[in-house]
Amino acid sequence: MNRRLFIATGISSALTACSPIGTALNDNAGFHHFLGAAQSLNHAVIGTRGLAREYSERDIDWNFRVNGLPTPTDATYEQYVADHFRSYRLVVDGAVERRGAYTLDALRAMPQVTEITRHDCVEGWSAIGKWSGVRLGDVIDAARPRADARYVVFHCMDRDDQGTPYYESLDLHEAHHPQTILSLRLNNADLDPDHGAPVRLRVPTQLGYKSAKWVKRIEVVGSYANLYSGHGGYWEDQGYEWYAGI
Ligand SMILES: Nc1nc2c(c(=O)[nH]1)N[C@H]1C(S)=C(S)[C@@H](COP(=O)(O)O)O[C@H]1N2
Ligand SMILES: [Mo]
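Each residue of the sequence shown is one higher than the one before, counting from 4 in this note's numbering.
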């Protein structure tokens, strides 16, 4: 376990510390092969069936840290905030038999789960939050993935200063983990814009960058190789591991 954590965090913090090197490494097939080997080992040792530890109310960090790309400020997002996300729709599409477009009220009407779990950022800080929302598995099952479906891709509303959107992905197995949720609430309140309102993925079994904020579309795919730079996520495209299990 400790050894595995070392593998996961050692590589990633090296990249955090030197982003120009990270970019060069990203073009290096050998480096990706090396990361891929560590990732397979991690997956084999830990698997995805284990549960993340759940904490009690007194462990909650009421001032949950904000991190990552800036909160969207485009006209669409400003409009959502202004109308309390009434015009927002969470689209579920791709390799599914039944495409979906959920209002926030529709998501609130589904069975809700609450979990107090720790968010571990690859940069080396953690925070414990109380998250509530719908199980991602329920939303995926309602869409009826086709036989060729393997991954779930989360398209977000924020972009970096190059204009590149944030995105993430999970395999269908991890998407059905009971603690993997589309979170609508943090610490007894509706999610605020800075923490990813109105819908934010929470994956307490994986490092923080997998927990995509500001999700607008969930695309079920057979492969993520043709999306963006092909590594399954915004940070993965810059060299971080796709399987970021903790
Ligand atoms: N859309 C989007 N999701 C994101 C990020 C981001 O930049 N954009 N950053 C990730 C990282 S690295 C972390 S640590 C957490 C931060 O979440 P918080 O602001 O709620 O602490 O969001 C993750 N999800
Ligand atoms: Mo992070």
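We put the beta carbon where it would ideally sit given N, CA and C, even for glycine. Note that the coordinates shown come from a computational prediction; the quantities given were computed from them, not determined experimentally.
**Asked** Secondary structure at D30, three-state DSSP: helix, strand or coil?
**Response** Working through the sequence shown from its first residue, we reach residue 30 at position 27. Because the pLDDT of D30 is 48, which lies under 50, any placement of that residue in the model is unreliable, and the number read from its coordinates should be weighed accordingly. D30 carries a coil assignment under DSSP once its states are collapsed to helix, strand and coil.
- Item | Proximity winner among L194, D193, V125, R89, relative to G248 (alpha-carbon distances) | Translated into positions along the sequence shown, residue 248 becomes position 245. Taking each of L194, D193, V125, R89 in turn and checking the Cα distance to G248, the smallest one comes out for V125.
>> Please state whether the Cβ-Cβ distance between V2 and A152 is less than 7 angstroms.
In response: Lying before the first or after the last residue shown, residue 2 is absent from the chain, which here runs from 4 to 249.
Can you find a heavy atom of ligand 1 that lies under 6 angstroms from the Cβ of D161? Stepping through the sequence shown from its first residue, residue 161 is reached at position 158. Placement of the Cβ of D161 at a distance of less than 6 angstroms from at least one heavy atom of ligand 1 is found.
- [ ] Please name the residue, chosen from T167, E244, H180, D193, that lies closest to H87 on a Cα-to-Cα basis.
- [x] Here the question's residue 87 lines up with position 84 in the sequence shown. H87 has its Cα closest to that of D193, out of T167, E244, H180, D193.
* Among V94, D164, R205, which one has its Cα closest to the Cα of I184? -> For the purposes of this step, residue 184 is identified with residue 181 of the sequence shown, where counting begins at 1. Ranking V94, D164, R205 by Cα distance to I184 puts R205 first.
Cα-Cα separation, L175 to S232:
By one-based count along the sequence shown, residue 175 stands at place 172. By one-based count along the sequence shown, residue 232 stands at place 229. For L175 and S232, the distance between alpha carbons rounds to 21 angstroms.
*asked:* Would T106 and S135 qualify as a contact pair, given that the criterion is a beta-carbon distance under 7 angstroms?
replied: As a working note, residue 106 is residue 103 in the sequence shown. As a working note, residue 135 is residue 132 in the sequence shown. Contact: no.
Original post:
Is DSSP giving E177 helix, strand or coil here?
Top reply: Translated into the one-based positions of the sequence shown, residue 177 becomes position 174. Here E177 carries a helix assignment [DSSP, helix/strand/coil].
### Task
Below 8 angstroms CB to CB, which residues in the same chain sit around T120 once its five sequence neighbours on both sides are set aside?
To locate residue 120, count along the sequence shown from 1; it is residue 117. Counting only Cβ-Cβ distances below 8 angstroms, and skipping sequence neighbours, we find A55, R56, E57, Y58, I131, G132, W134, Q182, R205, P207.
Problem - Residues of its chain near M113, where Cβ-Cβ distance is below 7 angstroms and the 5 sequence neighbours each way are ignored - result: Looking up residue 113 in the sequence shown gives position 110. If we look at M113 and ignore the five residues flanking it on each side, its Cβ neighbours are V137, D141.
In the DSSP assignment, what residue or residues form a beta bridge with G248? Your numbering for residue 248 matches position 245 in the sequence shown. In DSSP, G248 forms a bridge with Q209.
Report task. With a cut-off of 6 angstroms, give the chain-ordered residues whose Cβ is closer than this to any heavy atom of ligand 2. Result -> Put simply, the residues with a CB less than 6 angstroms from any heavy atom of ligand 2 are N70, C124, V125, E126, G211, Y212, in chain order.
Subject >> L210 versus P196: straight-line alpha-carbon distance, rounded >> reply: The residue given as residue 210 occupies position 207 in the sequence shown. The residue given as residue 196 occupies position 193 in the sequence shown. Near 21 angstroms, if we compare the C-alpha coordinates of P196 and L210.
Sequence-distant residues of the same chain with beta carbon closer than 6 angstroms to G166, five excluded per side:
Translated into the one-based positions of the sequence shown, residue 166 becomes position 163. Once the five neighbours on either side are set aside, G166 has no close Cβ partner at all.
Checklist entry - Can R92 and A104 be called in contact, C-beta distance under 7 angstroms? => result By one-based count along the sequence shown, residue 92 stands at place 89. By one-based count along the sequence shown, residue 104 stands at place 101. Yes, Cβ-Cβ distance for R92 and A104 is below 7 angstroms.
**OP:** May I ask which residues mark the beginning and end of the alpha helix (DSSP H) holding A55?
**Re:** One-based indexing of the sequence shown puts residue 55 at position 52. No alpha helix (DSSP H) contains A55, which DSSP labels as neither H nor E.
Check: beta strand (DSSP E) containing L93: first to last residue?
Finding: By one-based count along the sequence shown, residue 93 stands at place 90. Its beta strand (DSSP E) spans residues 93 to 97.
### Beta-ladder partner(s) of A104, from DSSP
If you number the sequence shown from 1, residue 104 lands on position 101. V94, per the DSSP bridge assignment.
*Note down the Cα distance separating T79 from P201, rounded to an integer number of angstroms.*
Looking up residue 79 in the sequence shown gives position 76. Looking up residue 201 in the sequence shown gives position 198. Between T79 and P201, the alpha-carbon positions lie close to 13 angstroms from each other.
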